[in-house]
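K.L.:
Numbering follows this note's numbering, in which position 23 of the sequence shown is assigned residue number 28; successive positions increment by one, without gaps.
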Amino acid sequence: TNDYRQEFREISMQLSQRMTTEEWKTFFSKMVMWSEKLRVSGDEGLLEIFQTQRKEANEQFVKFIKQEYPQWMKDFSKAPLLSNTLFRNKIAPVIQKSAESVFVLVIDNLRFDQWKMLAPHIKNYYRIEEEELFFSILPTATHYARNALFSGLMPSEMEKVHPQWWKNEDDEGGKNMHEEDFLGAQLKRLGIDVKWSYNKITNYHAGKKLADSFSNLLANKLNVIVYNFVDMLSHARTEMDVIKELADDEPAYLSLTESWFEHSALLEMLKQLAEKKVRVVITTDHGTVRVENPVKVVGDKSTNTNLRYKAGRNLNYNAKEVIEVKTPSDFHLPKINVSTTYIFAQHNDFFVYPNNYNQFVNYYQNTFQHGGVSMEEMMIPFVQLVPKS
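1) Report all residues from its chain with a CB closer than 8 Å to the CB of D254; omit the five preceding and five following residues, and keep chain order.
2) Based on Cα-Cα distance, which residue from L223, N319, D48 and K226 lies nearest to D8?
3) Using only the alpha-carbon positions, how far apart do A316 and L192 sit?
4) Enumerated in chain order, which unbroken segments of the alpha helix (DSSP H) with a length of 4 residues or greater are wholly contained in the region 39-72?
5) Cutting at 7 Å between CB atoms, please list the residues of its own chain near W39, excluding the five before and the five after it.
6) Measure how close the beta-carbons of P160 and H337 come, nearest whole angstrom, since I'm counting them as under 8 Å.
7) Should the region 375-388 be regarded as contacting the region 345-357, the criterion being three or more beta carbon pairs within less than 8 Å?
8) Measure the Cβ-Cβ separation of Y399 and A270 and say whether it is below 8 Å.
9) Between which residues of its own chain and N94 is the CB-CB distance below 7 Å, once the five residues before and five after are set aside?
10) Taking Y149 as the reference, give the member of Y369, F387 and Y347 with the closest Cα.
11) Looking only at its own chain, which residues have a Cβ that is under 6 Å from the Cβ of W201, when we skip the five neighbours before and after it?
12) Tell me which residues share the same chain as E135 and place their Cβ nearer than 6 Å to its Cβ, disregarding the 5 neighbours each side in the sequence.
13) With a threshold of 6 Å on Cβ separation, who are the neighbours of F155 within its own chain once the five nearest residues in sequence on each side are excluded?
14) Beta carbon of S34, beta carbon of M383: below 8 Å?
15) Can you tell me which of the three DSSP states P125 falls into?
16) So if DSSP puts K301 in a beta bridge, which residue, or which two residues, is it bridged to?
17) Between which two residues does the alpha helix (DSSP H) harbouring S161 extend?
18) Hey, how far is the Cα of L222 from the Cα of L275?
19) Measuring CB to CB, does N319 end up less than 8 Å from D305?
20) Rounded to the nearest angstrom, how far is the Cβ of L115 from that of I385, given a contact under 8 Å?
The structure is reproduced here in structure tokens:
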């Protein structure tokens with residue numbers, strides 16, 4: 006706590022200055038470190054001060070994204086590592102250079118601080134060869150960010166190149182049903198001709214079944230496994246009273262994630278993989294943020310239901326309270342109709358319709374959501390592991 010008191014002023018000074026992309030990544034890593042140290046210390050007063058400072062940091066981060074993100078979209082060569090460039094720039098080289106099988110674990114909705122909670126358990130079996138942050142594209146939602154990761158394309162490009170697989174907001178059916186197809190197309194485009202597999206785990210039994218039969222995957226050069234549990238946990242946080250009580254705040258939410266991981270089929274599989282000569286990559290599609298501040302938005306029946314971003318033609322909102330994108334092509338987003346506008350929630354805001362306002366505020370306040378702009382949603386982990394054995 007004394008160390009944090011000494012560093013408080015330095016953090017405040019950093020926030021008063023304009024930071025580069027790399028400086029923001031370093032800054033966020035430092036904030037995650039302090040969050041964990043102060044949580045362990047149990048000093049409620051300092052934790053409250055830290056939360057205020059983190060809120061200020063997110064306000065500055067929103068300004069940074071407002072200014073920089075449009076520039077990244079104009080020229081990807083000047084952008085940091087993004088969802089659509091992660092596979093090509095980070096994972097493909099691992100596949101091509103590695104003599105052994107490569108397992109890519111995409112843990113949906115995994116925040117950087119959640120990864121830091123899992124890391125000590127993984128370090129018992131693996132050496133962390135690389136750990137860095139990259140940026141999720143906007144919206145920070147599975148439909149957009151994870152499809153971008155697997156396809157290597159931005160949403161508007163997916164719509165154009167693979168219309169048979171891409172679904173817009175108002176289309177029927179699941180929005181992430183073609184991840185395997187997108188991945189296959191990207192591998193072909195990159196000239197990676199290897200034996201590979203794709204599995205999606207959405208419940209404990211599916212995870213256990215895969216862990217029990219994972220030896221069948223060792224013959225493949227590449228194995229991609231999507232783990233949906235963290236995403237289910239964050240959504241369940243809004244839907245189940247028991248989960249609401251167990252994950253009432255961020256420390257509890259992190260603790261629940263760690264508790265799940267300790268008893269998960271995923272850790273069991275990682276233990277077994279550590280005994281084999283394989284490389285493991287752990288990453289995600291986006292993070293999540295605890296929302297507190299309701300922002301009123303009016304939309305028609307075709308407007309999507311996400312609480313952190315909206316896409317529609319008849320949106321009514323206060324422009325000062327959102328990040329608005331009136332020309333979707335500027336952000337490489339599909340133009341669903343002639344007057345489509347996208348808006349994104351900032352820091353800890355969430356969108357609420359005026360109808361049944363109090364009911365919705367009470368239901369969703371202090372829940373974990375994604376789709377908008379915050380450090381926790383956008384700066385996410387990429388980790389490369391090598392078995393200690």
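We put the beta carbon where it would ideally sit given N, CA and C, even for glycine. Predicted model, so just to flag it, every value in this text is computed and none were measured.
P.N.:
A quick look at the data gives this:
1) So the qualifying residues of the chain are R295 and N371.
2) That would be D48, whose Cα lies nearest to the Cα of D8.
3) Near 31 Å, if we compare the C-alpha coordinates of L192 and A316.
4) Counting only runs of 4 or more, we get nothing.
5) Excluding sequence neighbours, W39 sits near Y9 and F55.
6) Sure, about 6 Å apart at Cβ, within 8 Å.
7) Contact holds between the region 375-388 and the region 345-357, because three or more Cβ pairs, one in each stretch, are under 8 Å apart.
8) Lying outside 6 to 394, the shown extent of the chain, residue 399 is not represented and no answer is given.
9) Annotation for N94: L86 place their beta carbon closer than 7 Å to its own, counting only its chain and skipping 5 residues before and after.
10) Of Y369, F387 and Y347, the residue nearest in Cα terms is Y347.
11) The answer, listed in chain order, is N225 and L227.
12) Within the same chain, Cβ atoms closer than 6 Å to the Cβ of E135 are found at Q389, the five residues on either side in sequence being excluded.
13) E184, F187 and L188, listed in sequence order.
14) Not closer than 8 Å, so no.
15) If DSSP states are grouped into helix, strand and coil, P125 belongs with the helices.
16) Per DSSP, V357.
17) That run of the alpha helix (DSSP H) goes P160 to V166.
18) Each residue's Cα considered, the two are about 13 Å apart.
19) For N319 and D305, yes; Cβs fall inside 8 Å.
20) Between the beta-carbon of L115 and that of I385 there is about 7 Å, and that keeps the pair under the 8 Å contact cut.
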